[in-house]
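Q:
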Amino acid sequence: MTIEHIEQQIIEEFEQFDDWMERYNYIIELGKNLPLINAEYKTEKYLISGCQSQVWLHAAYEDGKVIYKADSDAIITKGIVALLIRVLSGQTPDAILNTPLAFVDKIGLKEHLSPTRSNGLLSMIKQMKLYAMAFKAKYK
Amino acid sequence: MTSKAPDILAFREDFPILKRSVYNKPLVYFDNAATTQKPQVVIDRIVKYYAEENANIHRGVHYLSQHSTMAFENVREQVRLFLNANHAHEIIFTRGTTESINLIASSFASKHLLAGDEILITQMEHHSNIVPWQLACEAKKATLKYIPFNEPGELELSLLDKLLTPRVKLLALTHLSNALGTINPVKEIIAKAHQKGIPVLIDGAQAVAHIKVDVQELDCDFYCFSGHKIYGPMGIGVLYGKEKWLNDLPPYQGGGEMIKTVSLEKGTTYNDLPFKFEAGTPNVSDVLGLETALNYIQNIGLEHIAAWENKLLTYASTKLQGINGLQVIGRAKHKSSVLSFIVEGIHPYDIGTLLDKMGIAVRTGHHCAQPVMDRYGISGTVRASFSFYNTKEEIDVFCEALKKAIEMLK
Chain U
1 MTIEHIEQQI
11 IEEFEQFDDW
21 MERYNYIIEL
31 GKNLPLINAE
41 YKTEKYLISG
51 CQSQVWLHAA
61 YEDGKVIYKA
71 DSDAIITKGI
81 VALLIRVLSG
91 QTPDAILNTP
101 LAFVDKIGLK
111 EHLSPTRSNG
121 LLSMIKQMKL
131 YAMAFKAKYK
Chain C
1 MTSKAPDILA
11 FREDFPILKR
21 SVYNKPLVYF
31 DNAATTQKPQ
41 VVIDRIVKYY
51 AEENANIHRG
61 VHYLSQHSTM
71 AFENVREQVR
81 LFLNANHAHE
91 IIFTRGTTES
101 INLIASSFAS
111 KHLLAGDEIL
121 ITQMEHHSNI
131 VPWQLACEAK
141 KATLKYIPFN
151 EPGELELSLL
161 DKLLTPRVKL
171 LALTHLSNAL
181 GTINPVKEII
191 AKAHQKGIPV
201 LIDGAQAVAH
211 IKVDVQELDC
221 DFYCFSGHKI
231 YGPMGIGVLY
241 GKEKWLNDLP
251 PYQGGGEMIK
261 TVSLEKGTTY
271 NDLPFKFEAG
281 TPNVSDVLGL
291 ETALNYIQNI
301 GLEHIAAWEN
311 KLLTYASTKL
321 QGINGLQVIG
331 RAKHKSSVLS
341 FIVEGIHPYD
351 IGTLLDKMGI
361 AVRTGHHCAQ
371 PVMDRYGISG
381 TVRASFSFYN
391 TKEEIDVFCE
401 ALKKAIEMLK
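What follows is the structure, given as structure tokens:
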């Protein structure tokens, strides 16, 4: 499935929610279900430091696709991490590099990607794109 | 000065921002330790300055310049009275507490700090009262040491004598901890340091809005505070320094106003106090806004403000006790209206995010006091900090919202 398809799915899922509480309950559930990153990756090396919450990100390259795994110490951050992984993991480096991730705004979570929020998400996206760029250069 | 207790909540009406809502819910503003809201009189004062009085001060011969200069210098006298300093020229206007501390750290270190010397701080300082001293110590190959604090959040003063070694050149500590709410017994600490001839700087950023400060009674050598934490504008702060110290220390920044004469051949001679430390065009409008804010709170009476805030703290502390897994961080006997807490198994960021959605502004994280968090082995807390304009009803709303958030996150 393309990034746009998955984004559209997520937007439709969020459309069923009437209020912020239902939206956040869903994100919290996602956070609880996100497969934890292997303990070996939950180290300083993979840490994306936010002032408030922390994110660990690991990326691998398989058959022309980038596979991301991540975790966070805050559950809401983790839920949003899960959405980003659902959209970006398993995609080609080019697709990852070119997406503006428009769905975040459409499901009303834009504020979580604000630089003032310092929850590590913005840095995580930057790091995801850097990985994509590195894989693209390495395996071209 | 004690007067009959005023109807404290009537003053809430003076704060236009408290009437607004966020996410269609009435705003509950519990982030007062970060910054306080501004009464209409302060806002009006700043507008009036730019509408009717704006001119650069001190050098102008024209009417507006002289008017502004007089208004500006009158505030120095008002701040002197507010702190009960000896002289108006002991009051230096800065951008805030951070700049006040940086000024002293820089000027003091350049003249008095030598390799092998020590600066003593405490384990509960805000980063603003740590990093300037780290920079100074690094530059001079001196050592930064600290007074630790115990589990409830009180300084281990039994260690003070030992820590005040002959190598200590200055002691810098907070009057009131922003992360814990602890009110430190600064007067006794200052006296002990003075017995050994060590000057003391007090970070009063959190204290001035809650405690009546008398710098002569405290006998501190330096006292710093920010306008925006005492219902005044952002970007204006105060450094009080004893005359003998301010005369002794070299200038911090160079520029206009702080000089007597400038010659490319013969060098520069510096202006007298307070101008020696006020390079460049000062922030006149915010100085005037600060004056209005100081008058405003003195009119209410700091003793009445503190009394109401203590009631709010007691009320909130009691209510929070009933919440499962909640632990208050900072249980000092003498504390101010700062309520820092963690909830077992839940990240403070998550709680803060959900409270925000319910219209409640609290702060989450390390509160720029990472060593405090390290002391407890936590990454951060949720902090609710109250002002005299807050109500018990708001605390009820906050407690219900907190329970709802915990329910969602468990």
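Protein chains in written order, with my numbering: chain U, 1 to 140; chain C, 1 to 410. C-beta atoms are modelled at their ideal positions from N, C-alpha and C, and glycine is treated no differently.
#1: Return the first residue and the last residue of the beta strand (DSSP E) that Ala172/C is part of.
#2: Consider the Cβ of Ser114/U: report whether some Cβ of chain C lies at a distance smaller than 8 Å.
#3: Look at the Cβ atom of Ala369/C, then the Cβ atom of Asn84/C, and state whether they are nearer than 8 Å.
#4: By the 10 Å Cβ neighbour count, where 16 or more other Cβ atoms means buried, how is Thr292/C classified, buried or exposed?
#5: What do you get for Trp133/C, buried or exposed, if any count of 16 or more other CB atoms within 10 angstroms of its CB means buried?
#6: Could you tell me which chain C residues have their CB closer than 8 Å to the CB of Gln9/U, listed as they occur along the chain?
#7: So, is Ser128/C buried or exposed, given that buried needs 16 or more other C-beta atoms within 10 angstroms?
#8: What residues from chain U crowd round Lys357/C, counting only those whose CB sits closer than 8 Å?
#9: How is the alpha helix (DSSP H) around Cys137/C delimited, first residue to last?
#10: By a C-beta neighbour count over all protein chains shown, 10 Å radius and 16 as the cutoff for buried, is Asn33/U buried or exposed?
#11: Whose C-beta lies closer than 8 Å to the C-beta of Lys110/U among residues of the same chain, with five residues either side of it excluded?
#12: Could you name the residues of chain C that Ile76/U contacts, counting a contact when the two beta carbons are closer than 9 Å?
#13: In chain order, what residues of the same chain lie with their CB nearer than 6 Å to the CB of Phe222/C, ignoring the 5 residues before and after it?
#14: Using the C-alpha atoms, what's the distance from Thr269/C back to Lys162/C?
#15: Tell me, which residues are paired with His58/U by DSSP?
#16: Is Ser49/U close to chain B? Criterion is C-beta to C-beta, closer than 8 Å.
#17: For Ile145/U, which residues in chain C fall below 7 Å Cβ to Cβ?
#18: Give me the residue from Lys169/C, Thr94/C and Gln253/C with the minimum Cα distance to Thr143/C.
#19: Quick one: does Gly365/C have its CB under 8 Å from some CB of chain U?
#20: Under DSSP, the alpha helix (DSSP H) around Val284/C begins and ends at which residues?
#21: Would you tell me roughly how many angstroms separate the C-alpha atoms of Phe277/C and Gln253/C, rounded to the nearest one?
#22: Gln127/U CB to nearest chain C CB: under 8 Å?
A: According to the data block:
#1: Per DSSP, Ala172/C belongs to the beta strand (DSSP E) from Val168 to Thr174.
#2: When Cβ-Cβ separations below 8 Å define contact, Ser114/U makes no contact with chain C.
#3: No, these two residues do not count as a Cβ contact at 8 Å.
#4: Buried, by the Cβ-count rule.
#5: buried
#6: The contacting residues do not exist; Gln9/U stays about 24 Å from chain C at best.
#7: Burial call: buried.
#8: From the beta-carbon of Lys357/C, the residues of chain U found nearer than 8 Å are Trp20, Met21 and Tyr24.
#9: Val131 to Lys140
#10: exposed
#11: Val104
#12: His347, Tyr349, Asp350, Thr353, Leu354 and Leu409
#13: The answer, listed in chain order, is Ile104, Leu201 and Gly241.
#14: 42 Å
#15: Note: His58/U sits in a beta bridge opposite Lys69/U.
#16: The chain inventory of the structure shown lacks chain B, comprising the protein chains U and C.
#17: Because chain U here runs from 1 to 140, residue 145/U falls outside it and cannot be looked at.
#18: Lys169/C
#19: So, interface residue.
#20: Val284 to Ile300
#21: Rounded to whole angstroms, Phe277/C to Gln253/C spans 7 Å at the Cα level.
#22: no
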